[in-house]
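Engineer: The structure follows.
In the working numbering, the protein residues as written are 124 to 531.
Here it is as structure tokens:
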């Protein structure tokens, strides 16, 4: 019998269908269990592993690459779990490669209004709120499918069977899936069984690279591993040597090929390798247009900041991961900038805080500096002035000393 994967829109009774299929066919269901498997093996929180799939995004992921690392773990868990008589259901089902031909790929879907009506009835909430939740859930699935395949999660090319749950009961869906699973085209073959082994080897190679800080697509066939480099690289031959070294200890690897992907470009030999600016920056300001403009200007300087629009959000971000530098406004609704500064320096003393405000006074300036702010700047600020101040703050962090910072 084939492996069965079931992906579905939220509020389409996915779990009910998967459990019913498992009972009918005597299969083993795996939904949340795949994240528990990855958590046990890689000592990572199961909730964070699930978060890597559907979000919300990890703070400072451009620096930490936590999502890429955790997805490598989830992929390995999916590969490890692929055995006959398995029903894998949920978003992780999309990780099974098409080359494994003895997998019946099923998609459950229905129109948003149908799902919103059902959700409103079951949860006792208004239709407006139900529509919002459905739209939010669909957006996460779209982002996931686009991340993997650059396509919609409902693309018919991804599935063997699509079942409209607005027109089918759970029993109807189970019958369709059970009948489809019995087709001769889905019987395991030597090649499809080898494709499972290839998937496992590619996943293990991906884990080995991710744990070493390399995040590239891995493929495998009969022990021969290909690593696809699809970004900017200064010296491909050096990277190739490092990758070969990392994969040499992975069981089952016979050869390693490193090849450029469609988006690969060799960086200029004149690219600066000296990093003088902080990698983890948090902007805290309730003026969204200002934050957007400032973020764009910083991104032009290879700084991709995280953003919080009020003090409470900023403090919650710090509970998850500390920035190196925080750029903080003073006048915000709720917890104001002074109180945020006070708490940050008390609970996260290594974070350097640059005050950037348009409504401060000399008294505010003196108070902020006495509370430990690295610098006090006033809007409108020249981007060069802010960049120099951030650079000085980062220099203090790196050297453990206070450089000559400008405090206009």
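Note that beta-carbon positions come from the ideal geometry of N, C-alpha and C, so glycine has one too.
Just so it is clear, the structure is predicted and the values come from calculations on it, not from any experiment.
(1) If residue 426 and residue 450 are in contact, beta carbons under 8 Å, what's the gap, nearest whole angstrom?
(2) What did DSSP end up calling residue 132 once you bin it into helix, strand or coil?
(3) Which of the three DSSP states is assigned to residue 199 in this structure?
(4) Nearest chain D C-beta to residue 356 closer than 9 Å, yes or no?
(5) Going by other Cβ atoms of all chains shown within 10 Å of its Cβ, with 16 needed for buried, is residue 513 buried or exposed?
(6) Is the beta carbon of residue 235 less than 9 Å from the beta carbon of residue 210?
(7) Given this structure, state the Cα-to-Cα distance separating residue 529 from residue 523, to the nearest angstrom.
(8) Verify whether the separation of the beta carbon atoms of residue 205 and residue 130 is less than 9 Å.
(9) Looking only at its chain, what residues have a beta carbon closer than 8 Å to the beta carbon of residue 456, apart from the 5 residues adjacent to it on each side?
(10) For the segment 130-167, list the alpha helix (DSSP H) runs that are entirely contained and at least 4 residues long, ordered along the chain.
(11) For the alpha helix (DSSP H) that residue 242 lies in, which residues bound it at each end?
(12) Under three-state DSSP, which class holds residue 478?
(13) Does the separation of the CB atoms of residue 384 and residue 353 fall below 9 Å?
(14) Taking DSSP's pairing of strands, which residues face residue 286 in a bridge?
(15) Jot down the residue ranges of each uninterrupted alpha helix (DSSP H) in the segment 457-501, minimum 4 residues, whole runs only, in chain order.
(16) May I have the straight-line CA-CA distance separating residue 138 from residue 444, to the nearest angstrom?
(17) On a Cα-Cα basis, can you pick out the residue from 194, 490, 404 and 186 that is closest to residue 475?
(18) Measure the beta-carbon distance from residue 350 to residue 379 and round it to whole angstroms, keeping in mind my assumption that it falls under 8 Å.
(19) Can you have a look at residue 479 and say buried or exposed, based on whether 16 or more other CB atoms are within 10 angstroms of its CB?
(20) When you compare the segment 176-194 with the segment 234-254, are there three or more beta-carbon pairs, one atom per stretch, that lie closer than 8 Å?
(21) Return the CA-CA distance between residue 527 and residue 519, expressed in angstroms with no decimal places.
(22) Less than 9 Å separating the beta-carbons of residue 212 and residue 312?
(23) My output table needs one value for residue 423: the three-state DSSP class, helix, strand or coil.
(24) Have a look at 439, 496 and 447 and flag the residue whose alpha-carbon is nearest the alpha-carbon of residue 464.
(25) For the segment 133-151 and the segment 289-306, state whether three or more C-beta atom pairs, one from each stretch, are separated by less than 8 Å.
(26) Please report how far the alpha carbon of residue 319 lies from the alpha carbon of residue 284, in whole angstroms.
(27) Checking 9 Å against the spacing of the C-beta atoms, do residue 340 and residue 281 come in under that value?
(28) CA-CA distance, residue 486 and residue 336?
(29) Specify the secondary structure class of residue 265 as computed by DSSP and reduced to three states.
(30) Quick one: what's residue 212 bridged to in DSSP?
(31) Given a cut-off of 9 Å on the beta-carbon distance, is the pair residue 124 and residue 304 in contact?
(32) Can you tell me where the alpha helix (DSSP H) with residue 298 in it begins and where it stops?
(33) Assign residue 455 to one of three DSSP states: helix, strand, or coil.
(34) What do you get for residue 327, buried or exposed, if any count of 16 or more other CB atoms within 10 angstroms of its CB means buried?
(35) Go ahead and pull the three-state DSSP assignment for residue 331.
(36) Buried or exposed for residue 153, please, with buried defined as at least 16 other CB atoms from any protein chain shown within 10 angstroms of its CB.
Structural biologist: Once the coordinates are examined:
(1) Contact between residue 426 and residue 450 does not hold, since their C-beta atoms are separated by about 11 Å, which reaches or exceeds 8 Å.
(2) DSSP places residue 132 in coil when its eight states are reduced to three.
(3) In this structure, residue 199 counts as helix in the three-state DSSP scheme.
(4) The structure shown contains no chain D; it is built from a single protein chain.
(5) So residue 513 counts as buried.
(6) No, Cβ-Cβ distance for residue 235 and residue 210 is not below 9 Å.
(7) A caution first: residue 529 carries a pLDDT of 45, below 50, which makes its placement in the model unreliable, though a value can still be read off. For residue 529 and residue 523, the distance between alpha carbons rounds to 18 Å.
(8) Taking 9 Å as the cut-off, the beta carbon of residue 205 is found no closer than this to the beta carbon of residue 130.
(9) The answer, listed in chain order, is 409 and 433.
(10) Qualifying alpha helix (DSSP H) stretches, in chain order: 137-148 and 156-165.
(11) The continuous alpha helix (DSSP H) containing residue 242 extends over residues 235-246.
(12) Three-state DSSP puts residue 478 in a strand.
(13) The Cβ atoms of residue 384 and residue 353 sit closer than 9 Å to each other.
(14) BP columns for residue 286 point to 231.
(15) Here the runs fully enclosed are 460-470 and 485-493.
(16) The alpha-carbon atoms of residue 138 and residue 444 are separated by roughly 33 Å.
(17) Residue nearest to residue 475 within the set 194, 490, 404 and 186 is 404 (criterion: CA-CA distance).
(18) Between residue 350 and residue 379 the beta-carbon gap is near 7 Å, inside 8 Å, which marks them as a contact.
(19) Buried: at least 16 other Cβ atoms inside 10 Å.
(20) As far as the Cβ criterion goes, the segment 176-194 does not touch the segment 234-254, which means the pair count is below three.
(21) Only weak support exists for where residue 527 lies, its pLDDT of 45 falling under 50; the value from the coordinates is given anyway. Within the model, the alpha-carbon separation for residue 527 versus residue 519 is close to 9 Å.
(22) For residue 212 and residue 312, no; Cβs fall outside 9 Å.
(23) It is coil, neither helix nor strand.
(24) Ranking 439, 496 and 447 by Cα distance to residue 464 puts 496 first.
(25) Between the segment 133-151 and the segment 289-306, the count of C-beta pairs closer than 8 Å reaches three or more; the two stretches touch.
(26) Looking at the two C-alpha atoms, the distance is approximately 21 Å.
(27) Not in contact: residue 340 and residue 281 (Cβ atoms no closer than 9 Å).
(28) The alpha-carbon separation between residue 486 and residue 336 amounts to approximately 46 Å.
(29) Helix.
(30) BP columns for residue 212 point to 129.
(31) Contact annotation: residue 124 and residue 304 have beta-carbon atoms nearer than 9 Å.
(32) Element bounds for residue 298: 293-304.
(33) In this structure, residue 455 counts as coil in the three-state DSSP scheme.
(34) Buried is the label assigned to residue 327, since at least 16 other Cβ atoms lie within 10 Å of its Cβ.
(35) Secondary structure at residue 331: helix, using DSSP grouped into helix, strand and coil.
(36) A residue is called buried when at least 16 other Cβ atoms come within 10 angstroms of its Cβ; residue 153 meets this threshold and is buried.
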